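Notes for the one structure printed next.
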Amino acid sequence: MPEPSTPPVIQVRGLVSRFGAQTVHDGLDMEVQSNEIFGVVGGSGAGKSVLMRTILGLRAPDGGTVEMYGRDVQQLAAADRSALVQSYGVTFQNGALISSLTVAQNIQLPLREHFPASEAALDQLAELNLGLVGLAADDGRKFPAQLSGGMVKRAALARALSLEPKLLFLDEPTAGLDPISAAAFDELLLYLHSQLRLTVVMITHDLDTLFRTCSRVGVIVDGRMITGTLDDLLQNQNPWIREYFHGPRARGLSAHG
Amino acid sequence: MSSRSLSESSAWPSMTVLKLEGEGDDWRLHLEGEWSLSAIAQIEAQLQELPGGLHGTMICDWSRARAPALGTAWALLMRLHGLGSLEIRHSGDPPHFLQLLQKLAAERRAPPAAPEPPESVGWVGELGRSAVLQGRHAQGVLDFFGRILVVLGDAISRPRALRPSSLARHIYETGITAIPIVALIAFLISVIVAYLGAQQLSRFGADIFVVDLVTISVLREMGVLLTAIIVAGRSGSAFAAEIGTMQLNEETDALRAMGMNPIELLVVPRVLALVIALPLLTVIADAMGLAGGGLLSLLNLHIPLVQFTYRLREALAPTTFWAGLIKAPVFAILIAIVGTYRGMQVRESARELGRLTTVAVVQSIFFVILADALFAILFVQIDF
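So the sequence lines, in the order shown, correspond to chains G and Y.
Heads up: the first sequence at position 173 corresponds to 173 in the numbering used here, and the numbers run straight through without jumps.
Heads up: the second sequence at position 294 corresponds to 294 in the numbering used here, and the numbers run straight through without jumps.
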């Protein structure tokens, strides 16, 4: 197989993750190319969030390596690590907005830390990021507890975008949203992906989101990852994957075909 | 053609990011050097130096801007927007996201005015406002107390409402686990009182009255007061934090929705547990305090224990011990109600939780000392 011209943004090789006697990942391989939207699916407890935390360097792998931009994330010096962290944005499952700060202050938080600027400039940047995710400037003054579920997801995305990353990690971005809000979030993501040339890694269970947005999907089964386009996976004979894509919850999918 | 660099008077003289050229109706803005987000401060400062009131066309030349970012491009657009009636064009390979930003800028409505600060009402108004707030507050506490009484009244016909297992757990957590620290502090404080008292009394040859000093102060006041303050710090804060976290997780709402009463499940067991545990802790504190006084008298004043106990009986009125102990359940009720009430008040944010936990501890200690003062006056009046 010929080497792709650009190195993968993320390369996970032989990842092993253990919790006590329980092995979650057992030789997991994963590769994310630049400018794709990569979906990660798997059963509850299959280790999707653990995988994300490991890639982000929040958790040390029990075996195998994780490389971002061709460099092992566990071997980075502090300065490189800080630069790497600034190069990606993350949203967590429940938003993880700081509850004592307003939405605008949440967005400004990483900016303030890394790029000192005047208050006026920071306000403009907050407005820009709110605009990017389709929130009104007024929403910036609200506290996270005053937002609806969909707005929390958007605000978290705005904060993730504030440092203008080229790579986004989204953990269940449409979980808990009504179908209309979820669809709007899909469109927003596609729009930002095309306009900002982002690479996106997304954990999701939302089949509609998977079909609408993802160019490739990795399924975690038995501690390993099976990767392919959706068409490949629909043909896959693995029992769990068959059940996932052809089960009772997957009915509406033929319409996507 | 005039040309000027806008960096001369800026705070970052080494970095020029903007150069304005032209006159009349024909302007060129050269964007140069670092245009990534890390240069936002310089860019912002130099943008502010652009002269206002321009008209005609302005061409922004991006050909020499390095790594332009969304944020910096946005700052540029916002500033150009405010410069006057200019027709703006971009040339020299503008960044790919410029269209997106132009669209956002076009959709942007006038920046919303900051909400007006509440009108100043002067000190009379402030006084009135805080009086009303205090009144509402007192009403809330009264309401809360009433709900607790309702549960207790209910428990007469339905003892299960007292939640024996939950009660036992809270007695263990607030009482048994507090024994070591309460015992240690009571012991140490009475040693200190006896030591300092002996320094004074021995000058009059009245060493023996150290026994009176220690026993009366420990049994009447310090045993119960110290115990209450320690328990307020330990358990009052724990009550507020536990119930507050449950509030944040909507656990209390879940209980209500399942037809259970959070007051009955969460508040009453804690209040009762403290009413049981605090008097018992007080007895332990009293005993340890007397032991501390006796030990110091023996070692420092050479008063044998036999003489200490003899003098102790002389010094004590039959009511001394009870005068201290009777206060314990009252203090317990104050601490538990303040702690649980503040916990139930937590809404929305983690900061609220921290604030109300602090308030719970400070207020419960305050109420304990206030109640102690009232008891002191009462006991003098009725000669108890």
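C-beta atoms are modelled at their ideal positions from N, C-alpha and C, and glycine is treated no differently.
Since we're looking at a predicted model, the values are computed, not measured.
Contacting residues, own chain, Cβ-Cβ under 6 Å from residue i (five flanking each side not counted)
| i | result |
| --- | --- |
| Y/Ala105 | Leu77 |
| G/Thr174 | Ala182, Phe185, Asp206 and Thr209 |
| Y/Leu31 | Trp62 and Ala65 |
| G/Arg159 | Asn106 and Ile107 |
Nearest-angstrom Cα separation, counted from residue j out to residue i
| i | j | result |
| --- | --- | --- |
| Y/Ala39 | Y/Gln102 | 21 Å |
| G/Leu84 | G/Ala121 | 24 Å |
| G/Ala60 | Y/Ile189 | 50 Å |
| G/Leu230 | G/Ile241 | 11 Å |
| G/Met68 | G/Val9 | 5 Å |
| G/Gln195 | Y/His137 | 53 Å |
| G/Ser17 | G/Asp26 | 7 Å |
| Y/Leu356 | Y/Ala240 | 7 Å |
| Y/Ala376 | Y/Ile335 | 19 Å |
| Y/Val124 | Y/Pro118 | 15 Å |
| Y/Gly53 | Y/Pro94 | 25 Å |
| G/Leu111 | G/Gln124 | 12 Å |
| G/Leu147 | Y/Arg129 | 29 Å |
| Y/Leu298 | Y/Ile208 | 11 Å |
| G/Pro2 | G/Val41 | In this prediction, G/Pro2 scores a pLDDT of 46, lower than 50, which makes its location untrustworthy; no coordinate-derived value is stated. |
| Y/Leu353 | Y/Thr340 | 12 Å |
| G/Ile98 | G/Lys142 | 12 Å |
| G/Leu157 | Y/Arg160 | 49 Å |
| Y/Leu359 | Y/Met246 | The amino acid occupying residue 359 of chain Y in the given sequence is Val; Leu does not appear at that position. Y/Val359 and Y/Met246: Cα-Cα distance of roughly 18 Å. |
| G/Leu109 | G/Ala117 | 12 Å |
| Y/Pro304 | Y/Arg313 | 15 Å |
| G/His225 | Y/Gly33 | Correcting the residue identity first, residue 225 of chain G is Met in this sequence and not His. Roughly 44 Å separates the two Cα atoms. |
Limits of the alpha helix (DSSP H) - the one that residue i falls within
| i | result |
| --- | --- |
| G/Asp26 | Looking at the DSSP string, G/Asp26 is not in any alpha helix (DSSP H); the run it does join, the beta strand (DSSP E), is Gln22 to Val32. |
| G/Gly131 | Glu119 to Leu132 |
| Y/Glu352 | Ala350 to Gln381 |
| G/Gln235 | Leu230 to Gln235 |
| G/Leu202 | Per the sequence presented here, residue 202 of chain G reads as Met, with Leu not at that position. Here G/Met202 belongs to no alpha helix (DSSP H); instead the beta strand (DSSP E) covers Thr199 to Ile203. |
Contact list for residue i against chain G, beta-carbon separation under 7 Å
| i | result |
| --- | --- |
| Y/Ile40 | Phe115, Ala117 and Ala121 |
| Y/Ala168 | Here the premise fails: no neighbours, minimum Cβ distance about 32 Å. |
| Y/Val152 | Checking the displayed sequence, the identity of residue 152 of chain Y turns out to be Leu instead of Val. Within chain G, no residue comes near Y/Leu152; the closest Cβ sits about 34 Å away, beyond 7 Å. |
Residues near residue i in its chain [Cβ-Cβ closer than 7 Å; skip 5 each side]
| i | result |
| --- | --- |
| Y/Ile88 | Met58, Cys60 and Leu80 |
| Y/Val210 | Ala194, Gly197, Ala198, Leu201, Ser297 and Leu301 |
| Y/Ile284 | Ile179, Val182 and Ala183 |
| G/Ser34 | Thr6, Val9 and Thr199 |
| Y/Val361 | Ala232, Gly233, Gly236 and Ser237 |
| Y/Pro318 | none |
| G/Ala145 | Ser99 |
Close Cβ partners of residue i (< 8 Å) along its chain, the five nearest in sequence each way excluded
| i | result |
| --- | --- |
| Y/Thr72 | Trp35, Ser36, Leu37, Ala39, Ile40 and Ile43 |
| Y/Leu386 | This structure does not reach residue 386 of chain Y, given that chain Y is present from 1 up to 384, and the question cannot be answered. |
| G/Gly140 | Thr102, Val103, Ala104, Ile107, Ala126, Glu127 and Leu130 |
First and last residue of the uninterrupted beta strand (DSSP E) at residue i
| i | result |
| --- | --- |
| G/Tyr88 | Tyr88 to Thr91 |
| Y/Arg147 | First-last for Y/Arg147: Gly122 to Ser157, but that is the alpha helix (DSSP H), not the beta strand (DSSP E). |
| Y/His302 | No beta strand (DSSP E) contains Y/His302, which DSSP labels as neither H nor E. |
| Y/Lys19 | Leu18 to Glu23 |
| Y/Ser217 | Premise fails: Y/Ser217 is in no beta strand (DSSP E) and is neither H nor E. |
| Y/Trp62 | Gly56 to Arg66 |
| Y/Ile181 | Element bounds for Y/Ile181: not the beta strand (DSSP E) but the alpha helix (DSSP H), Ile179 to Leu201. |
| Y/Met258 | Neither: Y/Met258 is in no beta strand (DSSP E) and is coded neither H nor E. |
Contacts that residue i makes with chain G (C-beta to C-beta distance below 9 Å)
| i | result |
| --- | --- |
| Y/Met222 | By Cβ distance, chain G contributes nothing, its closest Cβ being about 39 Å from Y/Met222, past 9 Å. |
| Y/Arg108 | Glu127, Gly131 and Ala137 |
| Y/Trp27 | What Y/Trp27 touches in chain G: nothing, since even the nearest Cβ is about 22 Å away. |
Closer than 8 Å at the beta carbon, the chain Y residues around residue i
| i | result |
| --- | --- |
| G/Ser99 | Glu348, Ser349, Ala350 and Arg351 |
Residue i classed as buried or exposed, judged by whether at least 16 other C-beta atoms fall within 10 angstroms
| i | result |
| --- | --- |
| Y/His90 | buried |
| Y/Arg220 | buried |
| G/Gly20 | exposed |
| Y/Leu127 | exposed |
| Y/Tyr172 | exposed |
| G/Leu135 | buried |
| Y/Trp27 | buried |
| G/Glu119 | exposed |
| G/Tyr191 | exposed |
| Y/Thr309 | exposed |
| G/Met202 | buried |
| Y/Leu272 | buried |
| G/Ala255 | Only weak support exists for where G/Ala255 lies, its pLDDT of 48 falling under 50; the value from the coordinates is given anyway. Exposed is the call here. |
Under 8 Å from the C-beta of residue i: neighbouring residues of chain G
| i | result |
| --- | --- |
| Y/Ala69 | Glu164 |
| Y/His96 | Gln195 and Arg197 |
| Y/Glu44 | Ala117, Ser118, Ala120 and Ala121 |
Cross-chain neighbours of residue i in chain Y, by beta carbon under 9 Å
| i | result |
| --- | --- |
| G/Phe92 | Those within 9 Å of G/Phe92 in chain Y number zero; the least Cβ separation is about 15 Å. |
Contacts that residue i makes with chain Y (C-beta to C-beta distance below 7 Å)
| i | result |
| --- | --- |
| G/Ala156 | Chain Y residues near G/Ala156: none, gap ~16 Å exceeds 7 Å. |
Q: Check distances from the C-beta atoms of the region 55 to 79 of chain Y to those of chain C and list, in chain order, the residues that come in under 8 Å.
A: Included in the structure are the protein chains G and Y, with no chain C among them.
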